[in-house]
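Residue numbers (this note's numbering), protein chains in the order written: chain E, 563 to 761; chain S, 563 to 761.
Yeah, the Cβ is synthetic: ideal placement off N, Cα and C, and Gly gets one too.
The block underneath contains the structure these notes are about, expressed in structure tokens.
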DNA sequence: GCTCATACTGACTGGCGAGTCAGCAAGGAG
DNA sequence: CTCCTTGCTGACTCGCCAGTCAGTATGAGC
């Protein structure tokens, strides 16, 4: 086994763990699965993270961080409020084979009982709605949107996106095309624009 | 141990299993938990259901059936389309301490990997949207609603309800009051009425 | 090239949980 | 009452998996 610096190994393990959770689900992910994926001993994984619980929590944290980084990158780009909102929505919607979304659905289920994970999920949710809210506020200030309740609108848009994503990833009953179409229509109606402004 | 007829025992066990899944989550529910809840031996549970997998599947089926029965009861009642729609939405929204919704979130996560459970979840979802769709169609025919795409509207309403329910039960970020308010507003906007018609 | 901190492992343990099985007894049929 | 079906159990097995530990070896720093 080639030795690695702690930081590097941890990163490697966390990435693999996230992937493994996406594949198997939260409670079904075994330390041995992760170890095999990284091609190290199970003892090493426990050496770095102590317990399985801690490993899973760290992995979720890692995934949350990665998503928030992407979000920050989108927010940093310039453009009209409508353009930025559009990018946020695109980022959030389930991608092709979407290992991301299966992770979140799993995380929700887990968060129902595990307060630590709930905190992570809630943080992520809050940041997304916050990003949408800010964009709406900016759009209202710029005269692009009309919206009396940006906070509420942001949360409703997020909720619809969550619900449609469940239909897409869990029930496999909805394609990405129609999903984005519906979301844009709803967002547009909430913001007093037309859907075309968001495409 | 008092002996029971097969049907009775199965029913008893299934009810307990549903409750236990709601409490612990799908994969964390042990046969022994169910057995203790019914106050029988684990061997008896396996005697009736063969394997844990089969038990869990049967339990979900049971829960689905119960929910669909309630739905059928609501549909059977008379009244305007708006009144019936309102009742459907009320039934679907998370109740107080909502053991029902935690079960569904769990079931979604499980359905991501287990095709048998996916079928159950999908059936339930389909029936709900179908009920909403029918009510919309009836309302349109009666001149109560205006809606060009009842199927789509039904699915969007369901999706928003799912998403808001996640915010309520998972993130604990939304009360029932505001949830129903938002849903009614959305439904009303989709159907060309005002929210007051749905309260 | 030596040293030493530390990344890493193999081999183990202990407990837990699904599923089995041989037999027991309740209670309806006759 | 007496069978005999069948609902039911205790006590078991067997495999799995998180976590431990004593020890190995790698490679950065000198």
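Worksheet item: Using the beta-carbon of each residue, which ones in chain E are nearer than 7 Å to residue 712 (chain S)?
Response: Locating residue 712 (chain S) in the second chain gives position 150, where the first residue counts as 1. Those do not exist, as residue 712 (chain S) stays about 14 Å from chain E at its closest Cβ, beyond 7 Å.
Item to complete: Tell me, to the nearest whole angstrom, how far the beta carbon of residue 582 (chain E) is from that of residue 599 (chain E); I am working on the premise that it is less than 8 Å.
Response: Indexing the first chain from 1 puts residue 582 (chain E) at position 20. Indexing the first chain from 1 puts residue 599 (chain E) at position 37. At roughly 6 Å, the Cβ-Cβ gap stays under 8 Å, so residue 582 (chain E) and residue 599 (chain E) are in contact.
Worksheet item: Excluding five sequence neighbours on each side, which residues of the same chain lie with their C-beta closer than 7 Å to the C-beta of residue 603 (chain E)?
Response: As a first step, residue 603 (chain E) must be located in the first chain, where it is residue number 41. If you ignore the 5 residues before and after residue 603 (chain E), its C-beta comes within less than 7 Å of the C-beta of 597, all in its own chain and listed in chain order.
Fill in: Cβ contact check for the segment 707-722 of chain E and the segment 666-686 of chain E: 3 or more pairs under 8 Å
With the rule of 3 Cβ pairs closer than 8 Å, the segment 707-722 of chain E does not count as touching the segment 666-686 of chain E.
Item to complete: Give the interface partners of residue 780 (chain S) over in chain E, defined as CB-CB distance under 8 Å, in chain order.
Response: Outside the shown range of chain S, which is 563 to 761, sits residue 780 (chain S), and nothing can be said about it.
Item to complete: Please compile the residues from chain S whose C-beta is within a distance smaller than 9 Å of the C-beta of residue 662 (chain E).
Response: Here residue 662 (chain E) refers to the residue found at position 100 of the first chain. Correct list: empty, because the minimum Cβ distance to chain S is about 12 Å.
Fill in: Chain-ordered chain E contacts of residue 721 (chain S) [CB-CB under 7 Å]
To locate residue 721 (chain S), count along the second chain from 1; it is residue 159. One finds 722, 725, 726, 729 in chain E with Cβ atoms closer than 7 Å to the Cβ of residue 721 (chain S), taken in chain order.
Discussion item. Buried or exposed for residue 609 (chain E), going by 16 or more other Cβ atoms inside 10 Å?
Written reply: For the purposes of this step, residue 609 (chain E) is identified with residue 47 of the first chain, where counting begins at 1. Residue 609 (chain E) should be labelled exposed.
Discussion item. For the ligand PLP, I want to know if residue 696 (chain E) counts as a neighbour, meaning its beta carbon is within less than 8 Å of at least one of the ligand's heavy atoms.
Written reply: This structure simply doesn't include the ligand PLP, nor any ligand for that matter.
Discussion item. Going by DSSP in three states, residue 756 (chain E) sits in which element: helix, strand or coil?
Written reply: Residue numbering aside, residue 756 (chain E) sits at position 194 when the first chain is read from its first letter. DSSP places residue 756 (chain E) in coil when its eight states are reduced to three.
Worksheet item: From the beta carbon of residue 582 (chain E), is the nearest beta carbon of chain S less than 9 Å away?
Response: Sequence index remark: in the first chain, residue 582 (chain E) carries index 20 (1-based). No, no contact with chain S.
Worksheet item: Can we say the segment 664-673 of chain E touches the segment 573-589 of chain E, given the rule of at least three CB pairs closer than 8 Å?
Response: The segment 664-673 of chain E makes contact with the segment 573-589 of chain E: 3 or more CB pairs, one atom from each, lie closer than 8 Å.
Discussion item. Taking only three categories from DSSP, how would you classify residue 683 (chain S)?
Written reply: Position 121 of the second chain holds residue 683 (chain S). Helix, per DSSP.
Worksheet entry | Straight-line gap, residue 611 (chain S) to residue 621 (chain E) (C-alpha atoms, nearest Å) | Taking the second chain and counting its residues from 1, the one referred to as residue 611 (chain S) is at position 49. Taking the first chain and counting its residues from 1, the one referred to as residue 621 (chain E) is at position 59. Taking the straight line from one Cα to the other gives about 36 Å.
Worksheet item: Which residue from E:761, E:637, E:685 puts its Cα closest to that of residue 696 (chain E)?
Response: One-based indexing of the first chain puts residue 696 (chain E) at position 134. Looking at the Cα atoms, E:637 is the closest of the given residues.
Practice prompt. Starting from the Cα of residue 613 (chain E), find the closest Cα among E:573, E:735, E:593 and give me that residue.
Written response: On the first chain, residue 613 (chain E) is found 51 positions in, with the first residue counted as 1. Of the listed residues, the one whose Cα sits closest to residue 613 (chain E) is E:593.
Item to complete: Between the Cα of residue 682 (chain S) and those of S:635, S:630, S:730, spot the shortest distance and give me the residue it belongs to.
Response: Taking the first residue of the second chain as position 1, residue 682 (chain S) is located at position 120. The alpha carbon of residue 682 (chain S) has as its nearest neighbour, out of S:635, S:630, S:730, the alpha carbon of S:630.
Discussion item. With a threshold of 9 Å between beta carbons, is residue 707 (chain E) in contact with chain S?
Written reply: What you label residue 707 (chain E) is simply residue 145 of the first chain in a count that begins at 1. Chain S contact via Cβ: absent.
Discussion item. Let me confirm a value: residue 542 (chain E) is counted as buried when at least 16 other C-beta atoms fall within 10 Å, else exposed. Which label applies?
Written reply: Absent from the model: residue 542 (chain E). The displayed extent of chain E is 563 to 761, so no value can be given.
Item to complete: Whole angstroms is fine: what's the gap from residue 577 (chain S)'s alpha carbon to residue 652 (chain E)'s?
Response: Here residue 577 (chain S) is taken as the residue at index 15 of the second chain, counted from 1. Here residue 652 (chain E) is taken as the residue at index 90 of the first chain, counted from 1. Separation of residue 577 (chain S) and residue 652 (chain E) (C-alpha to C-alpha, rounded to the nearest whole angstrom) is 42 Å.
Worksheet item: Which chain E residues sit within Cβ distance under 8 Å of residue 587 (chain S)?
Response: On the second chain, residue 587 (chain S) is found 25 positions in, with the first residue counted as 1. Taking the beta carbon of residue 587 (chain S) as reference, the chain E residues within 8 Å of it are 589, 671, 672, 674, 675, listed in sequence order.
Item to complete: Using alpha carbons as the reference points, say which of S:735, S:733, S:717, S:730 lies closest to residue 733 (chain E).
Response: Here residue 733 (chain E) refers to the residue found at position 171 when the first chain is read from its first residue. Nearest option by C-alpha distance: S:717.
Item to complete: Specify, as a first and last residue, the run of the alpha helix (DSSP H) that residue 611 (chain E) falls within.
Response: The residue given as residue 611 (chain E) occupies position 49 in the first chain. 604-611 is the span of the alpha helix (DSSP H), which, as asked, contains residue 611 (chain E).
Worksheet item: Helix, strand or coil for residue 771 (chain S) per DSSP?
Response: Only positions 563 to 761 of chain S appear in this structure, which leaves residue 771 (chain S) out of reach.
Discussion item. What does the alpha-carbon distance come out to for the pair residue 749 (chain E) and residue 616 (chain S)?
Written reply: The residue given as residue 749 (chain E) occupies position 187 in the first chain. The residue given as residue 616 (chain S) occupies position 54 in the second chain. So the alpha carbons of these two residues sit roughly 43 Å apart.
Item to complete: Closer than 8 Å, Cβ to Cβ, to anything on chain E: give me those residues from the segment 743-761 of chain S, in chain order.
Response: From the segment 743-761 of chain S, only 744, 748, 751 have a Cβ closer than 8 Å to chain E.
Discussion item. Would you say residue 600 (chain S) lies against chain E (beta-carbon separation less than 9 Å)?
Written reply: For the purposes of this step, residue 600 (chain S) is taken as residue 38 along the second chain, with counting starting at 1. Residue contact check for residue 600 (chain S) against chain E: no CB pair falls below 9 Å.
Worksheet item: Do residue 725 (chain S) and residue 633 (chain E) come within 9 Å of each other at the CB atom, strictly closer than that value?
Response: In the first chain, the residue the question calls residue 633 (chain E) occupies position 71. In the second chain, the residue the question calls residue 725 (chain S) occupies position 163. 9 Å or more divides the Cβ of residue 633 (chain E) from the Cβ of residue 725 (chain S).
Worksheet item: If you draw a straight line from the C-alpha of residue 668 (chain S) to the C-alpha of residue 668 (chain E), how long is it?
Response: Walking along the second chain from the start, residue 668 (chain S) turns up at place 106. Walking along the first chain from the start, residue 668 (chain E) turns up at place 106. Cα-Cα distance, rounded: 8 Å.
Item to complete: Go to residue 624 (chain S), then tell me how far its alpha helix (DSSP H) extends in each direction, as first and last residue.
Response: The residue given as residue 624 (chain S) occupies position 62 in the second chain. Residue 624 (chain S) -> alpha helix (DSSP H) spans 614-638.
Worksheet item: Going straight from the alpha carbon of residue 741 (chain S) to that of residue 567 (chain E), what length do you get?
Response: Sequence index remark: in the second chain, residue 741 (chain S) carries index 179 (1-based). Sequence index remark: in the first chain, residue 567 (chain E) carries index 5 (1-based). Answer to the nearest angstrom: the Cα atoms are 49 Å apart.
Discussion item. Between which residues of its own chain and residue 591 (chain E) is the CB-CB distance below 6 Å, once the five residues before and five after are set aside?
Written reply: Looking up residue 591 (chain E) in the first chain gives position 29. Counting only Cβ-Cβ distances below 6 Å, and skipping sequence neighbours, we find 582, 583.
Worksheet item: How would you label residue 646 (chain S), buried or exposed, when you count the other beta carbons within 10 angstroms and need 16 or more for buried?
Response: For the purposes of this step, residue 646 (chain S) is identified with residue 84 of the second chain, where counting begins at 1. Per the 10 Å Cβ criterion, buried.
Worksheet item: Cα separation between residue 565 (chain S) and residue 690 (chain E)?
Response: Position 3 of the second chain, counting from 1, holds the residue named residue 565 (chain S). Position 128 of the first chain, counting from 1, holds the residue named residue 690 (chain E). About 55 Å.
Discussion item. So residue 667 (chain E) contacts chain S; which residues on that side make the cut at Cβ distance below 7 Å?
Written reply: In the first chain, the residue the question calls residue 667 (chain E) occupies position 105. Neighbours of residue 667 (chain E) on chain S, chain order: 670, 671, 674.
Discussion item. Assuming residue 570 (chain E) and residue 624 (chain E) are in contact, meaning their beta carbons sit under 8 Å apart, how far apart are those beta carbons, in whole angstroms?
Written reply: On the first chain, residue 570 (chain E) is found 8 positions in, with the first residue counted as 1. On the first chain, residue 624 (chain E) is found 62 positions in, with the first residue counted as 1. Incorrect: roughly 14 Å between the Cβ atoms, too far for contact.
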